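Right, one structure below, let's go through it.
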Amino acid sequence: MKVLVTGANGFTGSYLTKHLLDKGYEVRVLVRKSSNLDALQGLPVEYAYADLADDSPVDDATRGIDTVYHIAALYRAENVPKKMFWRVNVGGTKKMLIAAKKAGVKRFVHCSTVGVQGEIKNPPA
6 MKVLVTGANG
16 FTGSYLTKHL
26 LDKGYEVRVL
36 VRKSSNLDAL
46 QGLPVEYAYA
56 DLADDSPVDD
66 ATRGIDTVYH
76 IAALYRAENV
86 PKKMFWRVNV
96 GGTKKMLIAA
106 KKAGVKRFVH
116 CSTVGVQGEI
126 KNPPA
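Residues in the sequence shown are numbered from 6 upward in steps of one, following this note's numbering.
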(Lines of atoms letter the chains of each structure in order from A; the text may use other names.)
(Lines give C-alpha, C1' and ligand atoms only; values in the text may rest on other atoms or scores of the structure.)
Protein backbone atom coordinates (compact mmCIF):
# COMPACT_ATOMS: atom_id res chain seq x y z
CA MET A 6 0.00 0.00 0.00
CA LYS A 7 1.33 3.42 -0.94
CA VAL A 8 0.59 6.41 1.26
CA LEU A 9 1.25 10.13 1.15
CA VAL A 10 2.04 12.11 4.30
CA THR A 11 1.83 15.90 4.12
CA GLY A 12 3.78 17.79 6.76
CA ALA A 13 6.00 14.74 7.21
CA ASN A 14 8.91 16.87 8.38
CA GLY A 15 6.99 18.14 11.43
CA PHE A 16 6.62 16.54 14.86
CA THR A 17 3.44 14.53 14.26
CA GLY A 18 4.11 13.90 10.58
CA SER A 19 7.61 12.54 11.13
CA TYR A 20 6.43 10.10 13.80
CA LEU A 21 3.56 8.98 11.58
CA THR A 22 5.97 8.51 8.67
CA LYS A 23 8.29 6.34 10.77
CA HIS A 24 5.33 4.30 12.05
CA LEU A 25 4.02 3.70 8.53
CA LEU A 26 7.47 2.63 7.33
CA ASP A 27 7.77 0.24 10.29
CA LYS A 28 4.42 -1.28 9.25
CA GLY A 29 5.72 -1.88 5.71
CA TYR A 30 3.98 0.91 3.83
CA GLU A 31 5.57 2.66 0.86
CA VAL A 32 5.65 6.31 1.92
CA ARG A 33 5.74 9.44 -0.20
CA VAL A 34 6.10 12.70 1.70
CA LEU A 35 4.90 16.12 0.59
CA VAL A 36 7.14 18.92 1.87
CA ARG A 37 8.18 22.41 0.86
CA LYS A 38 11.54 22.80 -0.85
CA SER A 39 12.47 25.21 1.95
CA SER A 40 11.60 22.70 4.71
CA ASN A 41 14.05 21.43 7.29
CA LEU A 42 14.14 17.71 6.51
CA ASP A 43 16.31 16.56 9.43
CA ALA A 44 13.45 14.50 10.89
CA LEU A 45 13.29 12.46 7.66
CA GLN A 46 17.02 11.98 7.15
CA GLY A 47 17.94 8.42 6.25
CA LEU A 48 14.33 7.26 5.87
CA PRO A 49 13.39 5.37 2.70
CA VAL A 50 10.72 7.80 1.54
CA GLU A 51 9.89 9.30 -1.83
CA TYR A 52 9.85 13.10 -1.83
CA ALA A 53 7.24 15.31 -3.49
CA TYR A 54 7.56 19.08 -3.24
CA ALA A 55 4.83 21.71 -3.08
CA ASP A 56 3.74 24.59 -0.89
CA LEU A 57 0.14 24.52 0.30
CA ALA A 58 0.23 28.31 0.70
CA ASP A 59 0.63 28.99 -3.01
CA ASP A 60 -0.51 27.65 -6.35
CA SER A 61 2.04 24.82 -6.55
CA PRO A 62 0.33 21.76 -7.98
CA VAL A 63 -0.03 18.66 -5.81
CA ASP A 64 -1.45 16.32 -8.48
CA ASP A 65 1.84 14.46 -8.92
CA ALA A 66 2.08 13.91 -5.16
CA THR A 67 -1.30 12.13 -5.02
CA ARG A 68 -0.89 10.05 -8.18
CA GLY A 69 -0.68 6.32 -7.37
CA ILE A 70 -1.53 6.84 -3.71
CA ASP A 71 -4.02 4.70 -1.75
CA THR A 72 -4.26 6.85 1.41
CA VAL A 73 -3.39 10.49 2.12
CA TYR A 74 -2.51 11.49 5.68
CA HIS A 75 -2.89 15.26 5.64
CA ILE A 76 -0.92 16.53 8.63
CA ALA A 77 0.49 19.77 7.19
CA ALA A 78 -0.85 22.94 8.80
CA LEU A 79 0.15 26.42 9.81
CA TYR A 80 -0.01 26.86 13.57
CA ARG A 81 1.75 28.65 16.42
CA ALA A 82 3.08 31.22 13.99
CA GLU A 83 3.75 34.70 15.30
CA ASN A 84 3.13 37.81 13.23
CA VAL A 85 1.42 35.84 10.49
CA PRO A 86 -1.68 37.40 8.93
CA LYS A 87 -4.94 35.52 9.55
CA LYS A 88 -5.43 35.16 5.81
CA MET A 89 -2.27 33.01 5.69
CA PHE A 90 -3.81 30.58 8.21
CA TRP A 91 -6.87 30.39 5.95
CA ARG A 92 -4.76 29.96 2.82
CA VAL A 93 -2.77 27.04 4.25
CA ASN A 94 -5.24 25.33 6.57
CA VAL A 95 -8.39 25.70 4.49
CA GLY A 96 -7.14 26.37 0.96
CA GLY A 97 -4.30 23.85 1.26
CA THR A 98 -6.63 21.17 2.57
CA LYS A 99 -9.09 21.86 -0.24
CA LYS A 100 -6.25 21.63 -2.77
CA MET A 101 -5.21 18.26 -1.31
CA LEU A 102 -8.80 16.95 -1.33
CA ILE A 103 -9.33 17.93 -4.98
CA ALA A 104 -6.05 16.32 -6.05
CA ALA A 105 -6.79 13.17 -4.03
CA LYS A 106 -10.23 12.82 -5.59
CA LYS A 107 -8.83 13.36 -9.07
CA ALA A 108 -6.16 10.69 -8.43
CA GLY A 109 -8.69 8.15 -7.13
CA VAL A 110 -7.27 8.06 -3.61
CA LYS A 111 -9.36 5.64 -1.55
CA ARG A 112 -8.93 7.23 1.88
CA PHE A 113 -8.10 10.75 3.09
CA VAL A 114 -7.19 11.22 6.77
CA HIS A 115 -7.10 14.82 7.98
CA CYS A 116 -5.34 15.60 11.25
CA SER A 117 -5.70 18.96 12.92
CA THR A 118 -5.28 20.72 16.24
CA VAL A 119 -6.79 23.64 18.10
CA GLY A 120 -3.43 25.33 17.46
CA VAL A 121 -4.45 26.08 13.88
CA GLN A 122 -6.87 28.66 15.29
CA GLY A 123 -4.00 30.82 16.46
CA GLU A 124 -4.08 32.39 19.90
CA ILE A 125 -7.50 32.15 21.54
CA LYS A 126 -7.77 34.54 24.47
CA ASN A 127 -10.91 33.00 26.02
CA PRO A 128 -11.26 29.44 24.71
CA PRO A 129 -14.58 27.68 25.24
CA ALA A 130 -14.71 24.97 27.91
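Each residue gets a CB set at the ideal place from its N, CA and C atoms; glycine is no exception. Predicted, not measured: the structure shown is a model, and the values here were computed from it.
Assign Ala108 to one of three DSSP states: helix, strand, or coil. In the sequence shown, the residue the question calls residue 108 occupies position 103. In the structure shown, Ala108 sits in a helix (DSSP, three-state: H, G or I).
Specify whether the segment 56 to 75 and the segment 7 to 19 touch according to this definition: at least 3 beta carbon pairs, one from each stretch, less than 8 Å apart. These segments touch.
Taking the C-alpha atoms as reference points, what is the distance between Ala44 and Leu57? In the sequence shown, residue 44 corresponds to position 39, counting from 1. In the sequence shown, residue 57 corresponds to position 52, counting from 1. In a straight line, the C-alpha of Ala44 is about 20 Å away from that of Leu57.
List in chain order: all unbroken beta strand (DSSP E) runs of 3+ residues lying wholly within the segment 39 to 73. Counting only runs of 3 or more, we get 51 to 54.
Counting only the same chain and skipping the five closest in sequence on each side, list residues whose C-beta sits under 8 Å from that of Thr67. The residue labelled residue 67 in the question sits at position 62 within the sequence shown. Sequence-distant Cβ neighbours of Thr67 in its own chain, meaning closer than 8 Å and more than five residues away, are Leu9, Val73, Met101, Ala104, Ala105, Lys107, Ala108, Val110.
Neighbourhood of Lys38 by C-beta, 7 Å cutoff - its chain only, sequence neighbours within 5 removed: Start at 1 with the first residue of the sequence shown, and residue 38 comes out as number 33. Cβ neighbours of Lys38 beyond the five flanking positions: Tyr54.
Find the nearest neighbour of Ile125 within the set Tyr80, Thr17, Arg112, judged by alpha-carbon distance. Counting from one through the sequence shown, the residue named residue 125 turns up at place 120. Among Tyr80, Thr17, Arg112, the Cα nearest to that of Ile125 is on Tyr80.
Taking the alpha carbon of Gly18 as the reference point, which residue from Pro129, Val114, Asn127 has its own alpha carbon closest? Taking the sequence shown and counting its residues from 1, one reaches residue 18 at position 13. The option with the nearest alpha carbon to Gly18 is Val114.
Whole-angstrom Cβ separation of Leu48 and Lys23, contact assumed at under 8 Å? Position 43 of the sequence shown, counted from the start, is the residue given in the question as residue 48. Position 18 of the sequence shown, counted from the start, is the residue given in the question as residue 23. Separation of the CB atoms of Leu48 and Lys23 is rounded to 7 Å, and the pair is thereby assigned contact status at 8 Å.
Spatial neighbours of Ser117 within its chain, please: C-beta separation below 8 Å, excluding the five flanking residues on both sides. For this step, residue 117 is matched to residue 112 along the sequence shown. Annotation for Ser117: Ala78, Asn94 place their beta carbon closer than 8 Å to its own, counting only its chain and skipping 5 residues before and after.
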